[in-house]
Structures are given as C-alpha cells and as structure tokens.
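Visitor: Heads up: the sequence shown runs through residues 4 to 361, numbered per our numbering. Let me begin by handing over the structure; questions about it come next.
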Amino acid sequence: MSSFGRIFRISTFGESHCPGVGVVVDGVPPRMLLSAADIQQQLDRRRPGGNKLGTERNEADQVQILSGIENGQTLGTPIGMLVNNKDQRPGDYGSMNQIPRPSHADYTYQQKYGIHASSGGGRSSARETIGRVAAGAIAEKFLLEKYGIEIIAWVSSVGDFDTDSVDMEIITRDDVDANEIRCPDAQAAEKMTSEIVAAREAKDSVGGVVSCVCRNLPAGLGEPVFDRLEAKLAHAMMSLPATKGFEIGSGFSGARMRGSVHNDPFIKKGDTLGTTTNNSGGVQGGISNGESVYFRVAFKPPATIGQAQQTVDYAGNSTTLEAKGRHDPCVVPRAIPIVETMTALVLADLVMLQKIRE
Ligand SMILES: Cc1cc2nc3c(=O)[nH]c(=O)nc-3n(C[C@H](O)[C@H](O)[C@H](O)COP(=O)(O)O)c2cc1C
C-alpha cells in the first residue's frame with residue numbers, strides 16, 4: 004500500500020526514473036499558513052547532489068504545489084505536491100536489467116508483480132521518500148506551531164564509529180547540519196566521514212544508525228493496543244528503504260538490565276508527574292508520558308556497489324555484476340530529514356486522534 008495515517012493521511016506516487024514523484028496529503032487543518040518554502044527546506048536537506056558523501060545524481064527537487072493551498076493558507080482540502088525527476092538516466096542501468104541486484108528490490112518486485120520498473124529501483128527507490136518528506140514537512144510545521152513539538156534526528160553511527168556524546172534535550176537542527184555527515188559530535192563526524200569516503204573509493208558501501216528525539220510531546224499520544232505510539236513509529240521507520248532495525252528508549256540494551264535499574268521513578272514536575280530517568284523512551288503502555296520520545300533506526304549498507312559481485316541473472320545463469328549508475332555509499336546523512344518527517348506524520352496523526360476525545 005502507498006498510503007499511511009488515519010486522519011493526517013498521505014498517499015505517495017512515483018518511480019525513480021518516471022517524470023515525477025509526489026504525494027496527496029489529506030487531513031491538513033484549514034487556515035494554516037503554508038508556503039512552498041516551508042516544504043522545500045526539508046526537501047533541500049534530503050536532495051541528492053548537495054553533498055559529497057552521497058550519490059552524484061543531482062536533482063533540484065523543487066516542489067510544485069498543485070492543490071489545497073490558496074494565498075498562502077491551507078484550504079482543508081487535499082494538498083497535492085509534485086517534484087519532477089530531472090536527472091534520470093535510464094541508460095545507466097543497461098545490462099543490469101537482466102541481473103537482479105543482490106540485496107536490492109529488483110527480484111522481489113519482479114516476483115510480486117511479474118514486471119518491474121526498467122531502470123533503477125522504481126518504486127523501491129529512495130526517490131519515493133520525497134512525497135513523505137514533503138507531507139511530513141507540513142506535519143512538522145503543524146506540530147511545532149500548535150504544540151511546540153520539536154523533532155531532531157542525527158547520525159549516531161557509521162560502520163564501527165559511534166557517538167553517544169549528544170545531549171538530546173538541547174540538540175538543534177543547526178547542530179546537526181554543522182557538518183555534511185550530520186553528526187553533531189565533531190570528532191566522531193570526522194571518523195564517520197573518512198569511513199564513507201573509504202567505502203566509496205573501494206566501490207563499496209557502509210551502513211549506519213540514525214537517532215531521533217521528539218521534545219515537548221504532551222502525555223496521552225498513542226492508541227492502544229495495535230496503534231501504540233512505539234508500534235506506529237516502528238511501522239513508519241521500518242517502511243523506509245534500507246532499514247534493518249528499530250529500538251526505542253533503552254531498546255535492546257534494556258533486555259540486559261534488572262527492573263531496579265531500568266525503572267523510571269516518578270517525580271512531581273510542575274502540575275503533573277515526570278520521571279527522573281527515561282529508559283522508557285517517553286512511552287509507557289503505548290502512550291506518551293510527557294518525557295522526550297527517543298529512538299534509533301539502523302540502515303544497512305546500500306546494495307548497489309561498483310565492486311564485482313558473483314551472482315546469477317533472472318534466468319539463473321552465473322554472472323558477475325559491477326553495478327553502474329550513481330549511488331549513495333551510505334544513506335544515513337540523507338536519511339535525517341526522512342526520519343524526522345516520517346516521525347512528524349506519525350505524531351500529527353496521533354495528536355488528531357487524541358483530539359477527537361477532548
Ligand atoms: C536516502 C536513501 C538513499 C538510498 N540510496 C541508495 C542507493 O544509492 N543505492 C542503493 O542501492 N540503495 C539505496 N537506498 C536503499 C534502497 O532504496 C533499498 O535498499 C532498496 O529499496 C531495497 O529495500 P530494502 O533495503 O529495504 O530491502 C537508499 C535508501 C535511502 C533511505
């Protein structure tokens with residue numbers, strides 16, 4: 004399915020080498036001030052070609068608003084947005100059409116539909132995420148203006164290089180964008196950058212982890228039992244291409260702790276309760292508790308590499324594949340706005356669902 008959300012609902016369309024990609028967003032409140040610039044700022048952070056650590060495919064990714072906004076205000080009607088694919092080079096893929104790329108989506112799309120887009124990843128390509136980013140930029144604006152909710156993601160590891168020296172309560176997008184790798188820890192950023200450059204020079208690729216924090220969330224978001232907040236976030240994150248893992252709060256390390264260490268004791272905070280620690284990641288019983296929600300998403304090394312790989316073609320004949328085309332040696336720097344906007348889509352929908360109860 005290409006749709007996500009219940010009230011704040013998006014449907015994305017487009018393939019990597021067709022004329023364009025885009026989204027229809029339903030449920031945006033009326034009379035909200037909204038311009039193309041509000042949407043473009045996250046598309047600019049996502050776009051390829053703006054960063055030496057990413058693919059050489061160079062796309063301006065200028066959003067065109069087709070409907071739902073007039074004189075700088077939302078009408079409450081579906082907002083249609085289109086981004087043209089300009090730097091598509093279907094010819095780059097030539098013989099690759101006969102050989103399913105190991106660990107890419109060529110084989111599974113072919114098995115499912117009996118046909119697959121003739122160039123690149125088609126629908127499985129990260130170009131599809133443009134629609135989500137455009138829609139999520141609207142969700143972010145709504146969440147920030149109406150509730151003061153802030154969503155910040157950053158690169159917390161690449162290959163074997165990690166950072167844990169980030170203060171989630173104060174980190175800003177400017178901190179994240181201070182370097183191309185989008186890791187706010189300058190020392191770790193340098194090592195991560197060298198790792199990506201080395202992978203690219205070896206015609207190889209490398210994986211990484213994106214961390215994300217959501218601040219100023221009200222308590223009460225999340226719809227037990229199937230639409231628990233962490234379940235919706237996991238769904239959203241694992242729907243992104245190349246994701247291999249999701250953990251919230253203490254995550255897998257929590258499984259190694261005792262309850263006496265893991266529990267988050269309550270304290271009085273103003274008129275409500277807060278907690279002194281936050282191993283829960285701001286969610287208990289699938290509902291936000293008012294503390295910051297934080298989680299991590301693991302991205303695999305991109306499948307398309309220039310190194311020769313032994314494999315078989317669609318007919319089963321042995322062959323060697325040296326992938327052509329322009330590809331990201333590591334996806335995490337570009338995944339930052341994608342993770343943030345996808346998070347915003349989840350939260351905007353849950354805020355609206357909670358509002359129905361008031
Ligand atoms: C921002 C971003 C950029 C990506 N760029 C590439 C790329 O250049 N080459 C590639 O093979 N995969 C790339 N991917 C990953 C593929 O889209 C993905 O691996 C593929 O669709 C198969 O899906 P799966 O890895 O989730 O199984 C990218 C993913 C993201 C999020």
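Yeah, the Cβ is synthetic: ideal placement off N, Cα and C, and Gly gets one too.
What's the gap between the Cα of residue 262 and the Cα of residue 239?
Guide: 29 angstroms
Visitor: Using C-beta distances below 7 angstroms, list every residue in its chain close to residue 233, excluding the 5 sequence neighbours before and after it, in chain order.
Guide: 251, 286, 289
Visitor: So who's on the other strand from residue 89, going by DSSP bridges?
Guide: Looking at the DSSP assignment, residue 89 forms no beta bridge with any residue, so it has no partner.
Visitor: Which residue from 353, 326, 335 puts its Cα closest to that of residue 124?
Guide: The residue among 353, 326, 335 with its C-alpha nearest the C-alpha of residue 124 is 326.
Visitor: Taking the Cβ atom as the reference point for each residue, do residue 348 and residue 13 lie within a distance shorter than 8 angstroms?
Guide: Contact: yes.
Visitor: In terms of residue numbering, what span does the beta strand (DSSP E) encompassing residue 110 cover?
Guide: Residue 110 -> not in any beta strand (DSSP E); alpha helix (DSSP H) instead, spanning 109 to 116.
Visitor: Which stretch, first to last residue, makes up the alpha helix (DSSP H) that contains residue 256?
Guide: 254 to 257
Visitor: Decide if the region 176 to 192 is in contact with the region 295 to 303; the criterion is three or more beta carbon pairs, one per stretch, under 8 angstroms apart.
Guide: no
Visitor: Taking DSSP as the reference, what is the three-state secondary structure of residue 240?
Guide: helix
Visitor: Using a Cβ-Cβ cutoff of less than 6 angstroms, which residues in the same chain neighbour residue 156 once the five nearest sequence positions on both sides are dropped?
Guide: In chain order, 213, 215, 339, 342, 343 place their CB closer than 6 angstroms to the CB of residue 156, counting only its own chain and leaving out the 5 sequence neighbours on each side.
Visitor: List the endpoints of the continuous beta strand (DSSP E) containing residue 250.
Guide: 246 to 251 is the span of the beta strand (DSSP E), which, as asked, contains residue 250.
Visitor: With distances taken Cα to Cα, identify the nearest neighbour of residue 334 among 43, 23, 55, 137.
Guide: Taking only the C-alpha atoms, the option nearest residue 334 is 55.
Visitor: In the DSSP assignment, the alpha helix (DSSP H) including residue 193 goes from what residue to what residue?
Guide: Start and end: 189 to 204.
Visitor: Would you call the region 69 to 77 in contact with the region 22 to 40, where contact means no fewer than 3 C-beta pairs closer than 8 angstroms?
Guide: yes
Visitor: What ranges does the beta strand (DSSP E) occupy inside the region 49 to 89, keeping only unbroken runs of at least 3 residues that lie completely in it?
Guide: 66 to 68, 82 to 87
Visitor: By a C-beta neighbour count over all protein chains shown, 10 Å radius and 16 as the cutoff for buried, is residue 2 buried or exposed?
Guide: This structure cannot speak to residue 2, because the chain is shown only from 4 to 361.
Visitor: At a cut-off of 7 angstroms, is residue 303 close to ligand 2 when judged by its beta-carbon and the heavy atoms of the ligand?
Guide: With respect to ligand 2, the structure offers nothing, as its ligand set consists of ligand 1.
Visitor: Could you check the C-alpha separation between residue 328 and residue 8 for me, to the nearest Å?
Guide: 34 angstroms
Visitor: Give me the Cα-Cα distance between residue 323 and residue 313, rounded to the nearest whole angstrom.
Guide: So the alpha carbons of these two residues sit roughly 5 angstroms apart.
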